[in-house]
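Enquirer: From first to last, the protein sequence lines stand for chains C and X. Quick note: the first sequence uses our numbering, first residue 29, plus one each step. Quick note: the second sequence uses our numbering, first residue 646, plus one each step.
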Amino acid sequence: MAHAVDAEFLAIPLGSLADAALQRARDLGADHADVRIERIRSEHVSLRDGSLQGAHEGQELGLCVRVVVDGVWGFAAAGELSTDAAVRAAESAVAVARVSAPVTRERIELATEPVHADRTWVSDYEQDPLAIPLADKVALLADRSRRVLDHRSVDHVSAGLGQVVEQKFYADLAGTSTTQQRVRVNPAFEAHGASADGSRFDSMASLAPPAGRGWEYVTTGWDFDTELAELGDHLAEKLEAPTVEPGTYDLVVDPTNLWLTIHESIGHATELDRALGYEANYAGTSFATWDRLGSLRYGSEHLHVTGDRTTPHGLSTIGFDDDGVETQSWDLVRDGTLVGYQVDRRTAALKGIERSNGCAFADSPSHVPVQRMANVSLAADPSGPDTAGLIAGVSDGIYVVGDRSWSIDMQRFNFQFTGQRFFRIVDGRLAGQVRDVAYQATTTEFWGAMAAVGGPSTVRLGGTFNCGKAQPGQGAPVSHGCPSALFTGIRILNTAAESGR
Amino acid sequence: MTPHDLVERALEASSSSQCVVMVDVRTSANLRWANNTLTTNGETTGTSATVVAFSDRAHGTATASLSRSVVTVDDVLALVADADAAAASASPASDAAPLAADRADADWSTPPDSTSIGVYSSIAPALGEAFGQADAEGRVLYGFVDHEVVTSYLGSSTGLRLRHTQPGGHIGITGKDAAQTRSAWVGRATRDFDDVDPLALADELRTRLSWAERTVDLEAGRYDTVLPPAAVADLMIYAYWTATGREAHEGQTVFGRSGGGTRIGDRVGRPGVQLGWDPAAPGLECSPFVQAAASSSAQSVFDNGQPVEATRWIDDGTLSALIQTRESARVSGAAFTPYGDNLVMSVDGATGGLDDLVAGVERGLLLTCLWYIREVDAQTLLLTGLTRDGVYLVEGGEITGAVNNFRFNESPVDLLSRFSEAGASVPSFSREWGDEFLRTATPALRVPDFNMSSVSQAQ
Chain C
29 MAHAVDAEFL AIPLGSLADA ALQRARDLGA DHADVRIERI RSEHVSLRDG SLQGAHEGQE
89 LGLCVRVVVD GVWGFAAAGE LSTDAAVRAA ESAVAVARVS APVTRERIEL ATEPVHADRT
149 WVSDYEQDPL AIPLADKVAL LADRSRRVLD HRSVDHVSAG LGQVVEQKFY ADLAGTSTTQ
209 QRVRVNPAFE AHGASADGSR FDSMASLAPP AGRGWEYVTT GWDFDTELAE LGDHLAEKLE
269 APTVEPGTYD LVVDPTNLWL TIHESIGHAT ELDRALGYEA NYAGTSFATW DRLGSLRYGS
329 EHLHVTGDRT TPHGLSTIGF DDDGVETQSW DLVRDGTLVG YQVDRRTAAL KGIERSNGCA
389 FADSPSHVPV QRMANVSLAA DPSGPDTAGL IAGVSDGIYV VGDRSWSIDM QRFNFQFTGQ
449 RFFRIVDGRL AGQVRDVAYQ ATTTEFWGAM AAVGGPSTVR LGGTFNCGKA QPGQGAPVSH
509 GCPSALFTGI RILNTAAESG R
Chain X
646 MTPHDLVERA LEASSSSQCV VMVDVRTSAN LRWANNTLTT NGETTGTSAT VVAFSDRAHG
706 TATASLSRSV VTVDDVLALV ADADAAAASA SPASDAAPLA ADRADADWST PPDSTSIGVY
766 SSIAPALGEA FGQADAEGRV LYGFVDHEVV TSYLGSSTGL RLRHTQPGGH IGITGKDAAQ
826 TRSAWVGRAT RDFDDVDPLA LADELRTRLS WAERTVDLEA GRYDTVLPPA AVADLMIYAY
886 WTATGREAHE GQTVFGRSGG GTRIGDRVGR PGVQLGWDPA APGLECSPFV QAAASSSAQS
946 VFDNGQPVEA TRWIDDGTLS ALIQTRESAR VSGAAFTPYG DNLVMSVDGA TGGLDDLVAG
1006 VERGLLLTCL WYIREVDAQT LLLTGLTRDG VYLVEGGEIT GAVNNFRFNE SPVDLLSRFS
1066 EAGASVPSFS REWGDEFLRT ATPALRVPDF NMSSVSQAQ
């Protein structure tokens, strides 16, 4: 690991602040207490038509204390990093636990975890994106924007660049103490245009996913030159494409689209807190209930899915979670059957799972950790074909590229996705784009219809900066490794017909 | 040091041509529960500062905007120095316009308002009682209460000294039967929890779950559907967020023309349909001045401190305004009508309640709320999403049972023309967006042909 943890963050008296808070929590009767001190720096830059529209740099710095007192959680956060503030936060957390006690009818237990003393972890990146002058970022995004705008079919272009650098210190009464740093970037471009007859407008976005990498990803880590050179042509073809005939088709889904279907229909459905009802008022529950572990037929025999918080450059990747658990990799679906869940120490203990698999995460020092998504990834077929090979086997179908809109119900049954572009497949070959396409299915039927999976060469790591869950709402970054795959007999809607036109 | 002093010190220290400093003092408290027991909770306090530095050049003005958590005056002074340096090396901004000047609020130096976990001193025991009742009667409750108070201080080198306190809270409770085959939801927005009675809400859940004692499976299709005010808020908030002047002018939204130009002046709904925002709307009060930490299509840092006034977005069914910055207003030739943090919808002459609308339905559906709403097509603003926690069958004007959930595909703008009846405008709480957008007043709407695209098995 080339980088050290930021010196300014290390200059905060992390250990003594934590000791003060933990000691106070212990004195007030806490059985468990943990302290997090976090600094989250971010910058977002946006351009329209090659001109800077807005740039904003943010920094969140704070401390929080979480306790278990007489079997009841308490949590408090403070913006000030002083011994007094740390002690007061511990006192507030204990007070919150006392207020909560009459409303609590379940004793909080935590799965045990080995002590990890004085551990440091830093993600794998080359250049800190926040150390690059803003003018350089604007110049690069503006140059790329203008190249997109030069296309005759492109009327406008928008560009955005999100960047985050997190430092996180964690310590608990058991003796675990970790200091971590990670970096992520999210470059995006979108071209807008209208059809020649003026009746329709549409847009086409770049497919570059966000990544757990530094500035090097924006400059050379993705082939933007090729992608942006083709963006105008893709948009022009979409604007003049025929509308799709609704019906049932075989789909070849590109990893640039399928990552999001995995996220919604497998990632969230295998979160144990959801399956146990803890998100019933907000994000929802799951059809993949605990009683079906080991027996639920999730999909075809080709379906192998892992949860992993160690994937290189994954957005959910870290060394230790916000429960102080060392991160891991494990199976969620094996040979089409549900075999695992994503858990934290609390949900693991509830179901007698010996050890948490490290999915606790809080998005800020003012939020309590909850179980959040690992990098949930679909395994490639080691001897599978490339994407063209999958397409070659389809006589009448649609090839789906790029994510766009997504929606799934609160038990993760019924979903509907659109994409950036859809190509008709006729007799094994691409036969031009069609428009107004959405695919709609039920989770187990969709994965049950997965007839073939692409080989390792088709795998891409897709992802998002901001997956929402919990109350108060928290955003979490997560990646999904994903190959191309073939699905048979999937329902295709015509979205213009859906709107009654 | 008090927040207004932090602003004054920052303004004194700024070396840029002009400077805007915003300090927000935020306190919050929350309780969350599931399976008839508390699950998580929290109490937070924090102060953040935003410094927008403006650097005049021969040809325009460059800006830089930085926000940080702050505690001491030194934190703020460091932020000012970094913002000054960033603005000095930035290129001129396209949205440059003169800053507002010389307005001071009388309460400028008043200390911040706050909340704490104590706001639930009567709510928490009532919840405990509700959990006990639910347990005894075979129901399971899940939910969340949140209260937040943000006091904002906005000062500028041009003489602005503005202060605004924004209290906001909400409660949402989902109830299920023990077998988890029936589900219902109630939710309310509030400013202070004085008007929230958890036991009354729990009673309402009991009633709604009793409606589901008879269940009926229905196929996908178009149904005569009553949308309660919460579901109308779910749809109209999304439409509001889409109503930025710049995107409309560039022909990228339902409020613009393909190829460019806005649809201001076009009829987009039935006569009598009114939508807009108003910082003084009773019970929905929100900031009467622009607070923009960064420029975007919806806001400009140059507009900080500009008054936000009552705006008719859709007036008597006609699109009459959009969310504007001074730049987008100038470019598109529209009035400057900046974004307001509430949304009020009404239909002229509509006075009845939800029950009145239901009473007129021969055979149709009554919804509770909508969920997972996403845009499918920008040109028509076609949205997809799910019904959630209670779809009820209405026969002969009476609720006669519960039906399965559906996925819908509908455009909120189309609904403004297609609804057949409306109720009175009442305070509402959006299930889908209420966490982010708390202040709405909306009517119930009856839509004779609401498009349920497919069945969802979710319960």
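Glycine included, each C-beta is placed from N, C-alpha and C at the ideal position.
Identify, in the order they occur along the chain, each residue of the same chain with its Cβ nearer than 8 Å to the Cβ of proline 737(X), setting aside the five sequence neighbours on each side.
Expert: Only Arg702, His704, Gly705, Thr706, Ala707 meet the Cβ criterion.
Enquirer: Give me the DSSP bridge partner(s) of aspartate 791(X).
Expert: BP columns for aspartate 791(X) point to Asn675(X), His815(X).
Enquirer: Name the two residues that bound the continuous beta strand (DSSP E) containing glutamine 208(C).
Expert: From DSSP, the beta strand (DSSP E) with glutamine 208(C) extends over 205–222.
Enquirer: Do valine 841(X) and glycine 820(X) have their CB atoms nearer than 9 Å?
Expert: Not closer than 9 Å, so no.
Enquirer: Any beta-carbon of chain X closer than 9 Å to the one on phenylalanine 493(C)?
Expert: Not an interface residue.
Enquirer: Under the criterion of a Cβ to heavy atom distance below 8 Å, does arginine 891(X) qualify as lining the ligand COA?
Expert: This structure lacks the ligand COA; in fact it carries no ligand of any kind.
Enquirer: Tell me where the alpha helix (DSSP H) around serine 120(C) begins and ends.
Expert: Its alpha helix (DSSP H) spans residues 111–128.
Enquirer: Please name the residues in the region 270–293 of chain C whose beta-carbon is closer than 7 Å to at least one beta-carbon of chain X, in chain order.
Expert: Of all residues in the region 270–293 of chain C, none has a Cβ within less than 7 Å of some Cβ in chain X.
Enquirer: Mind pulling the chain X residues with CB within less than 9 Å of tryptophan 250(C)?
Expert: Chain X residues near tryptophan 250(C): none, gap ~25 Å exceeds 9 Å.
Enquirer: Quick one: complete beta strand (DSSP E) runs, 3+ long, within the region 897–976 of chain X?
Expert: You should have 918–922, 956–960.
Enquirer: With isoleucine 290(C) as the anchor, note down where its alpha helix (DSSP H) starts and where it stops.
Expert: Note, isoleucine 290(C): alpha helix (DSSP H), 283–290.
Enquirer: Please return the same chain residues whose Cβ sits closer than 7 Å to the Cβ of alanine 658(X), not counting the five positions on each side in sequence.
Expert: Within the same chain, alanine 658(X) has close Cβ partners Leu722, Val725.
Enquirer: If you scan the region 1006–1040 of chain X from start to end, which runs of the beta strand (DSSP E) of 3 or more residues do you find wholly inside it?
Expert: Segments of the beta strand (DSSP E) lying fully in the region 1006–1040 of chain X: 1008–1022, 1027–1040.
Enquirer: Note down, in chain order, every chain X residue with its Cβ under 8 Å from the Cβ of histidine 84(C).
Expert: Going along chain X in sequence order, the residues near histidine 84(C) (Cβ under 8 Å) are Ser710, Leu711, Ser712, Ala938, Ala939.
Enquirer: Who does isoleucine 520(C) pair with in a DSSP beta bridge?
Expert: Beta-bridge pairing links isoleucine 520(C) to Gly275(C), Tyr467(C).
Enquirer: Please list the terminal residues of the continuous beta strand (DSSP E) segment that includes lysine 196(C).
Expert: Lysine 196(C) -> beta strand (DSSP E) spans 184–200.
Enquirer: Identify, in the order they occur along the chain, each residue of the same chain with its Cβ nearer than 6 Å to the Cβ of glycine 107(C), setting aside the five sequence neighbours on each side.
Expert: Hits under 6 Å: Gly90.
Enquirer: What's the gap between the Cα of serine 739(X) and the Cα of methionine 990(X)?
Expert: Rounded to the nearest angstrom, the two C-alpha atoms are 34 Å apart.
Enquirer: Taking beta-carbon pairs under 9 Å, can you tell me which members of the region 677–688 of chain X lie near chain C?
Expert: Within the region 677–688 of chain X, the residues whose Cβ lies closer than 9 Å to some Cβ of chain C are Arg677, Trp678, Ala679, Asn680, Asn681, Thr682, Leu683, Thr684, Thr685, Asn686, Gly687, Glu688, listed in chain order.
Enquirer: Contact criterion: CB-CB distance below 9 Å. Does tyrosine 326(C) meet it with respect to chain X?
Expert: False, the Cβ-Cβ gap to chain X never drops below 9 Å.
Enquirer: Taking the alpha carbon of arginine 126(C) as the reference point, which residue from His144(C), Val150(C), Tyr277(C), Val97(C) has its own alpha carbon closest?
Expert: Among His144(C), Val150(C), Tyr277(C), Val97(C), the Cα nearest to that of arginine 126(C) is on Val97(C).
Enquirer: Could you tell me whether any Cβ in chain C is nearer than 9 Å to the Cβ of isoleucine 1044(X)?
Expert: Answer no: the Cβ-Cβ gap between isoleucine 1044(X) and chain C never drops below 9 Å.
Enquirer: Straight-line CA distance for glycine 203(C) to leucine 683(X)?
Expert: Distance between the alpha carbons of glycine 203(C) and leucine 683(X): 28 Å.
Enquirer: Report the neighbours of threonine 446(C) on chain X: residues whose CB is nearer than 8 Å to its CB, in chain order.
Expert: Chain X residues near threonine 446(C): Val1021.
Enquirer: Could you check what DSSP says for serine 293(C) in three-state terms: helix, strand or coil?
Expert: Helix, per DSSP.
Enquirer: Threonine 365(C) to arginine 519(C), Cα distance in whole Å?
Expert: Computed Cα separation, rounded: 24 Å.
Enquirer: Assuming aspartate 960(X) and proline 983(X) make a contact with CB atoms under 8 Å, what is their CB distance in whole Å?
Expert: About 17 Å; that fails the 8 Å criterion.
Enquirer: For serine 1073(X), which of Val877(X), Leu656(X), Cys664(X) has the nearest alpha-carbon?
Expert: Ranking the options by Cα distance to serine 1073(X), first place goes to Val877(X).
Enquirer: Cysteine 387(C) bridges to which residues according to DSSP?
Expert: For cysteine 387(C), which the question treats as bridged, DSSP gives no partner whatsoever.
Enquirer: Smallest Cα separation from glutamate 955(X): which of Asp719(X), Leu967(X), Leu744(X)?
Expert: It should be noted that the sequence gives alanine, not glutamate, for residue 955(X). The residue with the shortest Cα to Cα distance from alanine 955(X) is Leu967(X).
Enquirer: Does the separation of the CB atoms of aspartate 278(C) and valine 422(C) fall below 9 Å?
Expert: Contact: yes.
Enquirer: Less than 8 Å between the CB atoms is what I'm expecting for cysteine 92(C) and alanine 117(C), so what's the real figure, rounded?
Expert: Contact flag correct, Cβ pair sits at about 7 Å.
Enquirer: Look at the alpha carbon of alanine 746(X) and the alpha carbon of leucine 1083(X), and state the distance between them as a whole number of angstroms.
Expert: Near 30 Å, if we compare the C-alpha coordinates of leucine 1083(X) and alanine 746(X).
Enquirer: Under three-state DSSP, which class holds tryptophan 149(C)?
Expert: Reduced to three states, the DSSP call for tryptophan 149(C) is strand.
Enquirer: Under the three-state reduction of DSSP, which class applies to methionine 881(X): helix, strand or coil?
Expert: The answer is helix: DSSP assigns methionine 881(X) an H, G or I state.
Enquirer: I'd like to know whether the C-beta atoms of threonine 1085(X) and leucine 988(X) end up nearer to each other than 9 Å.
Expert: In contact: threonine 1085(X) and leucine 988(X) (Cβ atoms closer than 9 Å).
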